[in-house]
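First to last, the protein sequences are chains A and B. Take 15 as the starting number for the first sequence in the working numbering and just add one per residue. Take 141 as the starting number for the second sequence in the working numbering and just add one per residue. All C-beta atoms in this analysis are idealised placements derived from N, C-alpha and C, irrespective of residue type, glycine included. Only one structure is covered here, and it is reproduced in the block below.
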Amino acid sequence: MSVKTIADVEFGAELEPFQPDTSLAATAPFAEAVGWGRGGRFNDHERAKKEGLPGALVPGIMAMGFLTSMIHRWSPVAKVEHIDTVFRAPLLADQPCTINAVVTDIETEEGLVQLDLTVKNSADETRVFGTANVRLPVA
Amino acid sequence: MLDVEELKGKFLNLEFDTKEFKLDADKVVMVAKMSGETLPQFTDPNHPDFQAPPAFIASLAAGRNLPIEFPKLGGIPMDGGKAVTCIHPVKVGEPLTGRTHLHDIYDKTGRSGRMVFLVSRMEIFDASGTHLATSDSRMVIREKPAK
Numbered sequence: 015m016s017v018k019t020i021a022d023v024e025f026g027a028e029l030e031p032f033q034p035d036t037s038l039a040a041t042a043p044f045a046e047a048v049g050w051g052r053g054g055r056f057n058d059h060e061r062a063k064k065e066g067l068p069g070a071l072v073p074g075i076m077a078m079g080f081l082t083s084m085i086h087r088w089s090p091v092a093k094v095e096h097i098d099t100v101f102r103a104p105l106l107a108d109q110p111c112t113i114n115a116v117v118t119d120i121e122t123e124e125g126l127v128q129l130d131l132t133v134k135n136s137a138d139e140t141r142v143f144g145t146a147n148v149r150l151p152v153a
Numbered sequence: 141m142l143d144v145e146e147l148k149g150k151f152l153n154l155e156f157d158t159k160e161f162k163l164d165a166d167k168v169v170m171v172a173k174m175s176g177e178t179l180p181q182f183t184d185p186n187h188p189d190f191q192a193p194p195a196f197i198a199s200l201a202a203g204r205n206l207p208i209e210f211p212k213l214g215g216i217p218m219d220g221g222k223a224v225t226c227i228h229p230v231k232v233g234e235p236l237t238g239r240t241h242l243h244d245i246y247d248k249t250g251r252s253g254r255m256v257f258l259v260s261r262m263e264i265f266d267a268s269g270t271h272l273a274t275s276d277s278r279m280v281i282r283e284k285p286a287k
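Structure below.
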């Protein structure tokens with residue numbers, strides 16, 4: 015269900031999990047667009063391994079992008095006022111991951127919602143976590 | 141070993157970098173679409189409210205990471221995370237100014253030793269001086285064990 019106002023939000027509700035595209039076909043142009051396209055860190059597994067990495071990575075800020083995209087899918091009228099992401103461990107390109115979020119606080123009169131966010135890999139290990147403060151229409 | 145309290149006294153809240161930006165619409169759209177964004181205000185340059193998503197704001201880099209007088213870190217720096225506060229839409233194609241200072245310095249000690257966290261904060265303004273957004277970068281330095 016798409017959330018239209020703060021009245022649609024329930025404490026403890028989980029947002030619909032989202033499986034983003036972590037393929038090199040997505041990480042490479044993302045990295046290029048933010049000026050990190052040189053080298054192989056985000057676009058070439060073999061070159062990344064030569065840098066001592068386990069493979070090409072998903073840029074950390076791309077995980078932030080996944081999280082805000084998930085919030086906007088949950089509520090197209092949501093305004094992300096603040097998002098804080100902690101890069102706990104690398105997220106590998108071409109490896110599936112799942113984005114989850116849960117409502118941890120609601121200020122009904124202000125139209126504010128706090129979400130706890132996680133990005134987990136296929137081994138169910140948390141690679142990125144964080145919080146977001148989101149504003150929704152009051153009525 | 142870095143003395144956190146001494147560093148805080150010397151460096152916190154002192155602006156050490158100013159950089160001008162003008163966001164490119166194609167790059168903003170690419171970042172939004174590759175992140176799975178579906179809202180047209182982030183993916184359609186013709187939308188009347190077209191603006192940069194938080195992840196793009198987080199990508200804006202200062203001219204330097206730390207104040208010029210900052211001591212050598214003596215450890216391995218890692219990107220520990222990013223935070224973005226959106227106050228007003230960050231519009232594409234308009235002149236922007238990013239002013240950067242060290243917002244926080246703290247440490248944590250665990251089984252693998254001490255880690256020092258440096259939070260560099262860029263405040264982004266439009267040409268009229270309106271504060272549009274704030275982007276925090278959290279750099280983590282794992283100190284090398286003393287020999």
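Using DSSP bridges, identify the partner residues of residue i.
{"i": "Ala146 of chain A", "result": "A:Ile97 and A:Leu129"}
{"i": "Lys134 of chain A", "result": "A:Thr112 and A:Thr140"}
{"i": "Ile208 of chain B", "result": "BP columns for Ile208 of chain B are empty, so no partner."}
{"i": "Glu120 of chain B", "result": "Here chain B has residues from 141 to 287 only, and residue 120 of chain B is not among them."}
{"i": "Leu258 of chain B", "result": "B:Ile245 and B:Met279"}
{"i": "Phe156 of chain B", "result": "Answer is none; Phe156 of chain B lacks a bridge partner."}
{"i": "Thr274 of chain B", "result": "B:Thr225 and B:Glu263"}
{"i": "Gly253 of chain B", "result": "B:Gly250"}
Step through the CB atoms of chain A and report whether any lies within less than 8 Å of the CB of residue i.
{"i": "Glu263 of chain B", "result": "no"}
{"i": "Val171 of chain B", "result": "yes"}
{"i": "Ser252 of chain B", "result": "no"}
{"i": "Val224 of chain B", "result": "yes"}
{"i": "Thr178 of chain B", "result": "yes"}
{"i": "Gly203 of chain B", "result": "no"}
{"i": "Lys167 of chain B", "result": "yes"}
{"i": "Ala192 of chain B", "result": "no"}
For residue i, which residues of its own chain have a beta-carbon under 7 Å away from its beta-carbon, when the five flanking residues on both sides are left out?
{"i": "Ala273 of chain B", "result": "Ile197, Val224, Thr225, Cys226, Ile227, Val230 and Ile264"}
{"i": "Ser16 of chain A", "result": "Ser89 and Pro90"}
{"i": "Ala47 of chain A", "result": "none"}
To which residues of the same chain is residue i closer than 6 Å at the C-beta, ignoring the five residues directly before and after it?
{"i": "Lys93 of chain A", "result": "Arg149"}
{"i": "Val280 of chain B", "result": "Met218, Gly220, Met255 and Phe257"}
{"i": "Asp247 of chain B", "result": "Val144, Arg254 and Val256"}
{"i": "Glu95 of chain A", "result": "Asn147 and Arg149"}
Tell me the residue span of the alpha helix (DSSP H) that contains residue i.
{"i": "Glu145 of chain B", "result": "Val144 to Phe151"}
{"i": "Val171 of chain B", "result": "Ala165 to Met174"}
{"i": "Glu60 of chain A", "result": "His59 to Lys64"}
Whose Cβ in chain A lies nearer than 7 Å to the Cβ of residue i?
{"i": "Ala195 of chain B", "result": "Ile75, Met76, Met78, Gly79 and Thr82"}
For residue i, I'd like the list of residues in its chain whose CB is within less than 8 Å of its CB, leaving aside the five on either flank, ordered along the chain.
{"i": "Glu155 of chain B", "result": "Arg239, Thr240 and His241"}
{"i": "Glu139 of chain A", "result": "Ala103"}
Within the continuous beta strand (DSSP E) that includes residue i, where are the two ends?
{"i": "Gly221 of chain B", "result": "Gly215 to Cys226"}
Who are the neighbours of residue i on chain B, taking C-beta pairs under 8 Å?
{"i": "Val100 of chain A", "result": "Gly220, Gly221 and Arg278"}
Output yes if chain B places a C-beta closer than 8 Å to the C-beta of residue i; else output no.
{"i": "Val148 of chain A", "result": "no"}
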